[in-house]
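Residue numbers -16 to -1, 1 to 187, in mature numbering (1 follows the signal peptide of the UniProt record, and there is no 0), belong to the letters of the sequence shown in order. C-beta atoms are modelled at their ideal positions from N, C-alpha and C, and glycine is treated no differently.
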Amino acid sequence: MKSYLALLTLTAFATAQDYAAKRSPPFHLIVISAKNQTLNGTALSACHEGAAIEGFCRGPKLSDQPAYGTTFYFNTTYETNETIVYDNSGSLDYDLVIGDNQIVPSAMQLVIDPTSNVATPIIYPGGNSYTAVFFDKSEEMYIQSWRDDTVDPAVSKEEKVKQWYICTTYYSYTYTTLAWVVGKHARPQNPTCQKVTVKRVWA
């Protein structure tokens, strides 16, 4: 898995045969902002971006009544009997409920626009491909980097990258959503973006 991620780093997509098997208990995702107290502590909520496709919209404060679409799961193939694991790769999953209460398993994948350094996390049905994410022991979500190409020659170096932002995004609709800025130390070219930490809170 390390060699696979080393090649793709920030856009590490898993195939169906690698699809994560062990599901965590349900949790919410909140955003932590040191500079915006209105944003700080708000939950991320799945929002409509297309047919059975969702984004991660800014939702209410977690202290408020939980809104529909704020429950997520972490699936991993890590070989353990535990369902809560740290610093291991997996998929960020969501159960989309459609007609007759049918559940469609879905997973997050970063959508990259070649003309922007701001990628949009989108939840696609089926879970056949996803962007691998990790959670550390502080419950903060990150993407693992295995190589540092900011130096020449590039060197092998493990690093927890947390380039999460809240931005106005334009995938299908204009929303305020979670976004990812490509590049370990890059600043977003989208002027609406605000730096945040994404933290898992068990439901």
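Residue i (DSSP reduced to helix, strand or coil)
| i | result |
| --- | --- |
| G83 | helix |
| Y57 | strand |
| A(-3) | The predicted position of A(-3) is uncertain, since its pLDDT is 48 and thus under 50; no value can be drawn from it. |
| L94 | strand |
| I68 | coil |
| A5 | coil |
| L76 | strand |
Environment of residue i [buried if 16+ CB atoms lie within 10 Å]
| i | result |
| --- | --- |
| A(-1) | With a pLDDT of only 41 at A(-1), under the threshold of 50, the placement of this residue in the model should not be trusted; the figure read from the coordinates follows. With fewer than 16 Cβ atoms within 10 Å of its Cβ, A(-1) is classed as exposed. |
| V185 | exposed |
| H12 | buried |
Residue nearest to residue i in terms of C-alpha spacing, selected from the options
| i | options | result |
| --- | --- | --- |
| E124 | Y70, V135 and K6 | Y70 |
| S100 | S122, V139 and P175 | P175 |
| G39 | Y57, N24, M92 and R171 | M92 |
| Y114 | F58, K19, S47 and C151 | F58 |
| A163 | S156, N20 and P172 | P172 |
| Y154 | P89, C31 and R131 | C31 |
| V102 | T181, D136, G167 and E63 | G167 |
Any C-beta of chain B under 8 angstroms from that of residue i
| i | result |
| --- | --- |
| S17 | In summary, chain B is missing from the structure at hand, where a single protein chain is found. |
Contact belief for residue i with residue j at Cβ below 8 angstroms, rounded distance in angstroms
| i | j | result |
| --- | --- | --- |
| T61 | A5 | 5 angstroms |
| C151 | T161 | 7 angstroms |
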